[in-house]
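Student: The opening position of the sequence shown corresponds to residue 5 in the numbering used here, with each subsequent residue numbered one higher.
Think of the CB as a built atom: it goes at the ideal place given N, C-alpha and C, for glycine as much as any other residue.
Quick one: structure below, then a few questions.
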Amino acid sequence: MKTRQIERVLTPPTPHMVGDGFRVHQYIPSGIGEGFERMDPFIMMDYNSKFYFPPTDQPRGVGVHPHRGFETVTIAYKGSVAHHDSAGNSGVIGEGDVQWMTAASGILHKEYHEEKFSKAGGYFQMVQLWINLPAKDKMSSPKYQGITNAEMKKMELPDNAGTVEVIAGEYQGEKGPAFTFTPVNMLNAKLNKGGKATFSFPENYNTTVLVVEGNIKVNNSEEIKTDSLGLFANEGEEFTIEATDDAVVLILSGEPINEPIAAQGPFVMNTRSEIIQAISDFNMGKFGYLE
Ligand code: MN
Numbered sequence: 005m006k007t008r009q010i011e012r013v014l015t016p017p018t019p020h021m022v023g024d025g026f027r028v029h030q031y032i033p034s035g036i037g038e039g040f041e042r043m044d045p046f047i048m049m050d051y052n053s054k055f056y057f058p059p060t061d062q063p064r065g066v067g068v069h070p071h072r073g074f075e076t077v078t079i080a081y082k083g084s085v086a087h088h089d090s091a092g093n094s095g096v097i098g099e100g101d102v103q104w105m106t107a108a109s110g111i112l113h114k115e116y117h118e119e120k121f122s123k124a125g126g127y128f129q130m131v132q133l134w135i136n137l138p139a140k141d142k143m144s145s146p147k148y149q150g151i152t153n154a155e156m157k158k159m160e161l162p163d164n165a166g167t168v169e170v171i172a173g174e175y176q177g178e179k180g181p182a183f184t185f186t187p188v189n190m191l192n193a194k195l196n197k198g199g200k201a202t203f204s205f206p207e208n209y210n211t212t213v214l215v216v217e218g219n220i221k222v223n224n225s226e227e228i229k230t231d232s233l234g235l236f237a238n239e240g241e242e243f244t245i246e247a248t249d250d251a252v253v254l255i256l257s258g259e260p261i262n263e264p265i266a267a268q269g270p271f272v273m274n275t276r277s278e279i280i281q282a283i284s285d286f287n288m289g290k291f292g293y294l295e
């Protein structure tokens, strides 16, 4: 099997606030800077690197807003987030958990720091991804998957190297709990210092790694430090990650949908006229109601 090489290593872009609760570095699309297509189907990645929020009685977050045409996935590494949407779904995710919301035909939602976490204050660290939907599924019904850490498949690596958690897709035949519309692999590698893990995905799958904790070396050559992103070339399949300190690494690899992308604000469709329709439907209250 041919080795898949790192094309570029990116350090965290200047952060910005989303609402008052998420201090994020936008890696996709603006950090990478090659448009929505480069990491298709992962069309957006906001990374809240570890950040201390002081105690407050007013939970910080982002208020009611719409989405149509894709999924939002939140992976909590530190802290706790509460979610409510206009389809009647709500949930709280804490450390190690994932919230997978399919906006599809349209939804309103809000996301806040969970109340107890807000009152106590603390370190907050999170990844939010937007995963595109193919045209045939963009207008399907909204859906919500709250995935606890306990539900994730965990593969113990040989030689006490660590563990690979499977959120979506698979690792060495073990499948993750998330339902996906197109092939998506989402893994957390939790490696002990000196531990190694090998991954293999089809050459055409867009693939990236985010170093959430520690430092790693990829293919025994490229060093990637805490909070940095490694973008892989679409040549070869297999790569190896070695933890040069205890490390947590988010690994994303997905089959590109390869359809036209028309995006505006919280709507991601295939054509400009579908965006105009989404704005009109939202203004007419067709996304439901959420207080
Ligand atoms: Mn949102």
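1. Please return the same chain residues whose Cβ sits closer than 8 Å to the Cβ of N208, not counting the five positions on each side in sequence.
2. Hey, would you say the C-beta of T18 is under 7 Å away from at least one heavy atom of the ligand MN?
3. For the alpha helix (DSSP H) that F26 lies in, which residues bound it at each end?
4. Taking Cβ positions, are I10 and F205 nearer each other than 8 Å?
5. Looking at M190: is its Cβ nearer than 8 Å to the Cβ of A172?
6. Grab the span of the alpha helix (DSSP H) containing F55 for me, first residue to last.
7. What three-state label does DSSP hand R276 in the structure shown?
8. What is the C-beta distance between E41 and I265, in whole angstroms, given that I count them as a contact (C-beta under 8 Å)?
9. Go ahead and label S257 buried or exposed: buried means 16 or more other beta carbons lie within 10 angstroms of its beta carbon, across all protein chains shown.
10. What did DSSP end up calling E259 once you bin it into helix, strand or coil?
11. With a CB to CB cut of under 8 Å and the five nearest residues on each side skipped, what residues in its chain are close to L201?
12. Drop a sphere of 10 angstroms on the beta-carbon of R276, count the other beta-carbons inside from all chains shown, and report buried for 16 or more, exposed for fewer.
13. Between the segment 42-53 and the segment 85-103, can you find at least three pairs of beta-carbon atoms closer than 8 Å?
14. Hey, quick one: how far does the alpha helix (DSSP H) through K123 stretch, first residue to last?
15. Anything with a beta carbon under 7 Å from a heavy atom of the ligand MN counts; list them all in chain order.
16. Mind checking who I111 pairs with in its DSSP beta bridge?
17. With burial defined as no fewer than 16 other Cβ atoms inside 10 Å of the residue's Cβ, what is the status of G65: buried or exposed?
18. Determine the DSSP secondary structure at Q176, reduced to helix, strand or coil.
19. Does DSSP classify E295 as helix, strand or coil?
20. So, is Q268 buried or exposed, given that buried needs 16 or more other C-beta atoms within 10 angstroms?
21. From which residue to which residue does the beta strand (DSSP E) around K305 run?
22. By Cβ distance below 8 Å, which residues in the same chain neighbour Y293 in space, the five residues on each side in sequence not counted?
23. Spell out the partners DSSP gives L133 in its beta bridges.
24. Using a threshold of 8 Å, state whether the C-beta atoms of P304 and T184 are closer than that.
25. Does the Cβ-Cβ distance between H117 and F57 come in under 8 Å?
26. Grouping DSSP H, G and I as helix and E and B as strand, with all else coil, what is Q62?
27. At what residues does the beta strand (DSSP E) containing Q9 begin and finish?
28. For the beta strand (DSSP E) that contains S94, what are its first and last residues?
29. Around the C-beta of T18, are 16 or more other C-beta atoms found within 10 angstroms, so that it is buried, or is it exposed?
Tutor: The relevant details are as follows:
1. N238, E259, P260
2. Answer for T18: no, Cβ out of range of the ligand MN.
3. Note, F26: premise wrong, no alpha helix (DSSP H); beta strand (DSSP E) at 26-32.
4. Cβ distance not < 8 Å, so I10 and F205 don't count as in contact.
5. yes
6. Looking at the DSSP string, F55 is not in any alpha helix (DSSP H); the run it does join, the beta strand (DSSP E), is 46-57.
7. helix
8. Beta-carbon to beta-carbon, E41 and I265 are separated by about 7 Å, close enough to satisfy the 8 Å threshold.
9. buried
10. coil
11. A quick correction: the sequence has Ala, not Leu, at residue 201. So the list reads L161, A165, G166, V168, A193, L195, T244, I245, once near-sequence residues are dropped.
12. exposed
13. no
14. K123: member of the alpha helix (DSSP H) spanning 119-124, first to last residue.
15. With 7 Å as the limit, the residues whose C-beta approaches a heavy atom of the ligand MN more closely than that are V66, H69, H71, T76, H113, E115, P270, in chain order.
16. H71
17. Buried, because 16 or more other Cβ atoms sit within 10 Å of the Cβ of G65.
18. coil
19. Coil.
20. exposed
21. Absent from the model: residue 305. The displayed extent of the chain is 5 to 295, so no value can be given.
22. Counting only residues of its own chain and dropping the five nearest sequence neighbours on each side, Y293 has a CB closer than 8 Å to the CB of S90, L112.
23. M49, V77
24. Here the chain comprises residues numbered 5 to 295, so residue 304 is not present and cannot be evaluated.
25. Cβ atoms of H117 and F57: closer than 8 Å.
26. coil
27. Per DSSP, Q9 belongs to no beta strand (DSSP E) and is neither H nor E.
28. 94-97 is the extent of the beta strand (DSSP E) around S94.
29. exposed
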